[in-house]
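Novice:
There are 2 protein chains.
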Amino acid sequence: MSESLRIVPQPMRRQVEEGLRAAIVNGRFAPGEHLPDRVLCDLFGASRSVVREAVRLLEAEGLVTVQPNRGPFVAHLSPEEAAQIYDVRGVLEALAGESFARHATDEERAELRAVWEDLARRGPGATREDLLAIKRRFYDVLLAGARNAYVARMLDQLLNRNMQLRATSLSDPGRLAWTVKELKRVIDAIDRRDPDETFTACREHVQRAADVALRLLAAHPSPNAEDRS
Amino acid sequence: MSESLRIVPQPMRRQVEEGLRAAIVNGRFAPGEHLPDRVLCDLFGASRSVVREAVRLLEAEGLVTVQPNRGPFVAHLSPEEAAQIYDVRGVLEALAGESFARHATDEERAELRAVWEDLARRGPGATREDLLAIKRRFYDVLLAGARNAYVARMLDQLLNRNMQLRATSLSDPGRLAWTVKELKRVIDAIDRRDPDETFTACREHVQRAADVALRLLAAHPSPNAEDRS
DNA sequence: CTATACCTGATCGTCAGTCAATCTGACAAT
DNA sequence: ATTGTCAGATTGACTGACGATCAGGTATAG
Chain A
1 MSESLRIVPQ
11 PMRRQVEEGL
21 RAAIVNGRFA
31 PGEHLPDRVL
41 CDLFGASRSV
51 VREAVRLLEA
61 EGLVTVQPNR
71 GPFVAHLSPE
81 EAAQIYDVRG
91 VLEALAGESF
101 ARHATDEERA
111 ELRAVWEDLA
121 RRGPGATRED
131 LLAIKRRFYD
141 VLLAGARNAY
151 VARMLDQLLN
161 RNMQLRATSL
171 SDPGRLAWTV
181 KELKRVIDAI
191 DRRDPDETFT
201 ACREHVQRAA
211 DVALRLLAAH
221 PSPNAEDRS
Chain B
1 MSESLRIVPQ
11 PMRRQVEEGL
21 RAAIVNGRFA
31 PGEHLPDRVL
41 CDLFGASRSV
51 VREAVRLLEA
61 EGLVTVQPNR
71 GPFVAHLSPE
81 EAAQIYDVRG
91 VLEALAGESF
101 ARHATDEERA
111 ELRAVWEDLA
121 RRGPGATRED
131 LLAIKRRFYD
141 VLLAGARNAY
151 VARMLDQLLN
161 RNMQLRATSL
171 SDPGRLAWTV
181 KELKRVIDAI
191 DRRDPDETFT
201 ACREHVQRAA
211 DVALRLLAAH
221 PSPNAEDRS
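Below you can see the structure in the form of structure tokens.
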């Protein structure tokens with residue numbers, strides 16, 4: 001575990017990238033909104049070069065779509081895309097869990113259980129932000145113990161991509177209790193050092209979350225979906 | 001299936017991006033090689049802006065690593081990274097197969113089987129390029145029938161990332177016969193409309209390929225691995 | 001002879017300005 | 001109502017420039 005003490009300069013490009021990503025996943029820009037270079041430039045106080053490079057990265061992540069000669073737009077999330085994302089999330093999270101069950105240290109297992117207990121203590125009065133923060137910690141511990149940088153990177157992207165959906169499904173009353181129960185199955189399988197059961201438990205957990213989220217999405221039919229014919 | 005007749009301009013940025021990616025995965029640049037902006041500029045006849053944007057994308061794909069103030073280098077592939085990539089490939093390919101078994105049309109199933117038969121007809125005298133081309137067609141058909149753009153994009157990236165390894169493992173004598181046999185299990189499961197068995201068969205196929213590739217990698221210990229202490 | 005200090009060239013990160021191509025929207029003409 | 005045209009805005013791409021940073025070699029001190 002050689003901790004790198006090297007300090008890495010944070011280029012302005014990365015600040016713009018992270019700022020823009022945060023603004024999108026937190027909903028400060030509405031889906032479909034137009035983000036011309038000009039406004040991004042004086043919003044971040046950067047030149048067009050760095051803004052354009054940052055936008056390219058977010059385009060590769062799927063957070064913005066760039067129409068030729070029209071510029072970047074905040075990406076929509078269609079129900080079909082959402083379902084696809086949940087499918088991929090399912091197998092990646094399952095792999096992460098399986099890997100965690102194989103490779104994590106005892107400390108990491110204990111920490112994961114601690115995060116779960118933190119979540120289980122929450123009553124129905126917990127705010128969305130609290131729940132998202134705890135879930136984020138859960139993922140951080142899980143991915144750290146999984147010893148696989150690729151699954152971590154890809155899962156991060158997918159979690160960003162459907163952040164809005166996660167927020168709405170987490171606010172569904174009664175979902176919290178099910179989440180806690182499903183994650184208990186994951187934790188227990190991990191403690192039993194049972195990778196296969198962990199895999200299955202993780203995948204089914206995501207599948208349940210997908211069912212809730214997609215049901216809500218069908219009920220609330222796409223708040224800002226100007227469809228492009 | 002509304003075919004879009006819209007013509008899309010191919011920006012110069014994309015040409016540079018694809019050209020550079022092809023050059024790297026085909027081994028025209030050695031791992032660890034330094035690719036300064038300057039040489040890329042007059043190699044592609046483009047300006048620094050577009051070269052830099054293209055390099056950013058390849059950095060996000062993991063094909064190049066950019067050291068601050070030193071520029072882009074062709075990425076190395078350590079044995080640990082290779083193993084991680086194969087793990088992720090396993091679950092993604094399994095998901096693709098499972099999805100194909102669920103959603104593909106009869107025509108697509110027939111085409112997948114045709115590609116497999118094409119592969120099975122090859123004797124041990126087949127060239128690496130031929131085998132890679134057939135395998136590429138197999139993936140194209142599989143991903144098209146899986147109806148999931150995300151798994152397609154991510155799997156594409158991973159296949160590019162470890163192209164060198166795939167080439168070496170495909171050239172291993174006797175590997176072809178095993179590949180054909182493993183893929184037959186996949187095809188048969190698909191024809192039986194058995195998503196679960198397809199999932200397992202795909203994942204085990206990738207696992208076997210990983211075993212061969214990583215064994216070769218351990219024998220041929222990293223041809224160009226100047227390790228950075 | 002070794003080790004430190006220093007200098008120099010190369011490269012990156014960023015910026016500002018320019019130019020052509022293209023899209024949008026409105027307005028005019030048929 | 002449809003078509004044609006024009007002005008403004010925006011993108012795609014290029015160029016030149018400047019300071020900051022790093023690698024490598026050279027000179028100097030011990």
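Here the protein sequences line up with chains A and B, keeping their order. Numbering-wise, full-length UniProt numbering puts 188 at position 188 of the first sequence, and it's gapless, one number per residue. Numbering-wise, full-length UniProt numbering puts 62 at position 62 of the second sequence, and it's gapless, one number per residue. Every residue gets a Cβ at the ideal spot worked out from N, C-alpha and C, and that includes glycine.
Is it right to say residue 231 of chain B is buried, meaning 16 or more other beta carbons lie within 10 angstroms of its own, or is it exposed?
Specialist: Since the first and last residues shown for chain B are 1 and 229, residue 231 of chain B lies out of range.
Novice: Can you tell which of A:Q10, A:L217, A:P9, A:L40 has its C-alpha closest to the C-alpha of A:A23?
Specialist: As a working note, residue 23 of chain A is residue 23 in the first sequence. If we check each option's Cα against that of A:A23, A:L40 comes out closest.
Novice: Nearest-angstrom Cα distance between B:K135 and A:A177?
Specialist: Within the second sequence, the letter at position 135 stands for residue 135 of chain B. Within the first sequence, the letter at position 177 stands for residue 177 of chain A. Going by the C-alpha atoms only, they are around 46 Å apart.
Novice: Taking the CB atoms as reference points, tell me whether B:V74 and B:F44 lie closer together than 7 Å.
Specialist: Translated into positions along the second sequence, residue 74 of chain B becomes position 74. Translated into positions along the second sequence, residue 44 of chain B becomes position 44. Between B:V74 and B:F44, the CB-CB gap reaches or exceeds 7 Å.
Novice: So what's residue 244 of chain A in DSSP terms, helix, strand or just coil?
Specialist: Past the edges of chain A, shown from 1 to 229, lies residue 244 of chain A, and the structure says nothing about it.
Novice: Taking only beta-carbon positions, decide if B:E53 is within less than 7 Å of chain A.
Specialist: Looking up residue 53 of chain B in the second sequence gives position 53. Output row for B:E53: interface = yes.
Novice: Would you say B:Q164 faces chain A, with C-beta separation under 7 Å as the test?
Specialist: By 1-based counting over the second sequence, the position of residue 164 of chain B is 164. Not closer than 7 Å to any Cβ of chain A, the Cβ of B:Q164 fails to qualify, so no.
Novice: Give the single residue among B:P36, B:E61, B:E93 whose Cα lies nearest to the Cα of B:L183.
Specialist: Taking the first residue of the second sequence as 1, we reach residue 183 of chain B at position 183. Looking at the Cα atoms, B:E93 is the closest of the given residues.
Novice: Could you give the first and the last residue of the continuous alpha helix (DSSP H) run that contains A:G145?
Specialist: Residue 145 of chain A sits at position 145 when you count from the first residue of the first sequence. First-last of the alpha helix (DSSP H) with A:G145: 128-146.
Novice: What are the residues that DSSP puts in a beta bridge with A:T65?
Specialist: By one-based count along the first sequence, residue 65 of chain A stands at place 65. A:F73, per the DSSP bridge assignment.
Novice: If I measure Cβ to Cβ from B:D130 and keep anything under 8 Å in the same chain, skipping five residues before and after, which residues do I get?
Specialist: Here residue 130 of chain B is taken as the residue at index 130 of the second sequence, counted from 1. Here the set comprises R122.
Novice: From the DSSP output, which residues share a beta bridge with A:H205?
Specialist: In the first sequence, the residue the question calls residue 205 of chain A occupies position 205. Paired residue(s): none; A:H205 is not in a bridge.
Novice: Does B:N148 come within less than 7 Å of chain A when only Cβ atoms are used?
Specialist: Here residue 148 of chain B corresponds to residue number 148 of the second sequence, with the count starting at 1. Yes - at least one Cβ of chain A is within 7 Å of the one on B:N148.
Novice: Determine, using beta carbons only, whether B:R13 and B:E53 come nearer to each other than 7 Å.
Specialist: Sequence index remark: in the second sequence, residue 13 of chain B carries index 13 (1-based). Sequence index remark: in the second sequence, residue 53 of chain B carries index 53 (1-based). Closer than 7 Å, so yes.
Novice: What three-state label does DSSP hand B:P220 in the structure shown?
Specialist: Sequence index remark: in the second sequence, residue 220 of chain B carries index 220 (1-based). Inspection of the sequence shows that residue 220 of chain B is occupied by His rather than by Pro. Coil at B:H220, not helix or strand.
Novice: Do you know offhand how far B:V8's Cα is from A:A146's?
Specialist: Position 8 of the second sequence holds residue 8 of chain B. Position 146 of the first sequence holds residue 146 of chain A. Taking the straight line from one Cα to the other gives about 41 Å.
Novice: Would you report the Cα separation of B:L165 and B:V206, rounded to the nearest angstrom?
Specialist: Walking along the second sequence from the start, residue 165 of chain B turns up at place 165. Walking along the second sequence from the start, residue 206 of chain B turns up at place 206. Each residue's alpha carbon lies about 13 Å from the other.
Novice: Spell out whether any CB of chain B is found under 7 Å from the CB atom of A:L95.
Specialist: As a working note, residue 95 of chain A is residue 95 in the first sequence. Cβ-Cβ to chain B under 7 Å: yes for A:L95.
Novice: How long is the line joining the alpha carbons of B:R113 and B:P124, rounded to whole angstroms?
Specialist: Here residue 113 of chain B refers to the residue found at position 113 when the second sequence is read from its first residue. Here residue 124 of chain B refers to the residue found at position 124 when the second sequence is read from its first residue. Taking C-alpha positions only, B:R113 is separated from B:P124 by approximately 20 Å.
Novice: Comparing the C-beta of A:L57 with each C-beta of chain B, is any distance below 7 Å?
Specialist: Counted from its first residue, the first sequence places residue 57 of chain A at position 57. Yes - at least one Cβ of chain B is within 7 Å of the one on A:L57.
Novice: In chain A, which residues lie less than 7 Å from B:Q84 when you measure between Cβ atoms?
Specialist: Position 84 of the second sequence, counting from 1, holds the residue named residue 84 of chain B. The contacting residues are N148, A149, Y150.
Novice: May I have the straight-line CA-CA distance separating B:P195 from B:D172, to the nearest angstrom?
Specialist: Mapped onto the second sequence, residue 195 of chain B falls at position 195. Mapped onto the second sequence, residue 172 of chain B falls at position 172. Taking the straight line from one Cα to the other gives about 30 Å.
Novice: Name, in chain order, the residues that DSSP records as bridge partners for B:H34.
Specialist: Mapped onto the second sequence, residue 34 of chain B falls at position 34. Beta-bridge pairing links B:H34 to B:F73.
Novice: Answer yes or no: does any C-beta atom of chain B fall closer than 7 Å to that of A:P68?
Specialist: Against the first sequence, residue 68 of chain A aligns to sequence position 68. Chain B has a Cβ within less than 7 Å of the Cβ of A:P68.
Novice: Is it buried or exposed, B:D42, if we count other Cβ atoms within 10 angstroms and call 16 or more buried?
Specialist: Locating residue 42 of chain B in the second sequence gives position 42, counting from the first residue. By the 10 Å Cβ count, B:D42 comes out exposed.
Novice: Quick one: what's got a C-beta closer than 6 Å to B:G71's C-beta in the same chain, skipping five residues either side?
Specialist: To locate residue 71 of chain B, count along the second sequence from 1; it is residue 71. Listed in chain order, the non-local C-beta contacts of B:G71 below 6 Å within the same chain comprise P36, local neighbours out to five positions each way being set aside.
Novice: Can you tell me where the alpha helix (DSSP H) with A:L95 in it begins and where it stops?
Specialist: Position 95 of the first sequence, counting from 1, holds the residue named residue 95 of chain A. Unbroken alpha helix (DSSP H) run through A:L95: 79-103.
Novice: Helix, strand or coil for A:D172? Go by DSSP, reduced to three states.
Specialist: Start at 1 with the first residue of the first sequence, and residue 172 of chain A comes out as number 172. Three-state DSSP puts A:D172 in coil, outside helix and strand.
Novice: Residues of chain A with CB closer than 9 Å to the CB of B:P195, please, in chain order.
Specialist: Start at 1 with the first residue of the second sequence, and residue 195 of chain B comes out as number 195. Within chain A, no residue comes near B:P195; the closest Cβ sits about 12 Å away, beyond 9 Å.
Novice: According to the Cβ coordinates, are B:Q84 and A:Y150 closer than 7 Å?
Specialist: By 1-based counting over the second sequence, the position of residue 84 of chain B is 84. By 1-based counting over the first sequence, the position of residue 150 of chain A is 150. In contact: B:Q84 and A:Y150 (Cβ atoms closer than 7 Å).
Novice: Indicate the three-state DSSP secondary structure (helix, strand or coil) for B:G19 in the structure shown.
Specialist: In the second sequence, counting from the first residue as 1, residue 19 of chain B sits at position 19. Correct three-state label for B:G19: helix.
Novice: Under a three-way DSSP split, which group does A:L155 fall into?
Specialist: On the first sequence, position 155 is the one that residue 155 of chain A refers to. Helix.
Novice: Does the CB of B:S229 have a neighbour CB from chain A at under 7 Å?
Specialist: Residue 229 of chain B sits at position 229 when you count from the first residue of the second sequence. Only weak support exists for where B:S229 lies, its pLDDT of 35 falling under 50; the coordinates are left without a value.
Novice: Taking Cβ to Cβ, would you say A:R107 is nearer than 7 Å to A:F199?
Specialist: The residue you call residue 107 of chain A lines up with position 107 of the first sequence. The residue you call residue 199 of chain A lines up with position 199 of the first sequence. One point to set straight first is that residue 107 of chain A is Glu, not Arg, in the sequence displayed. No, Cβ-Cβ distance for A:E107 and A:F199 is not below 7 Å.
Novice: Helix, strand or coil: which one does DSSP assign to B:F29?
Specialist: Along the second sequence, read from residue 1 onward, the residue named residue 29 of chain B stands at position 29. Coil at B:F29, not helix or strand.
Novice: Under 6 Å Cβ to Cβ from A:V25, same chain only, skipping five residues before and after it: list those, please.
Specialist: Here residue 25 of chain A refers to the residue found at position 25 of the first sequence. Here the set comprises N160, M163.
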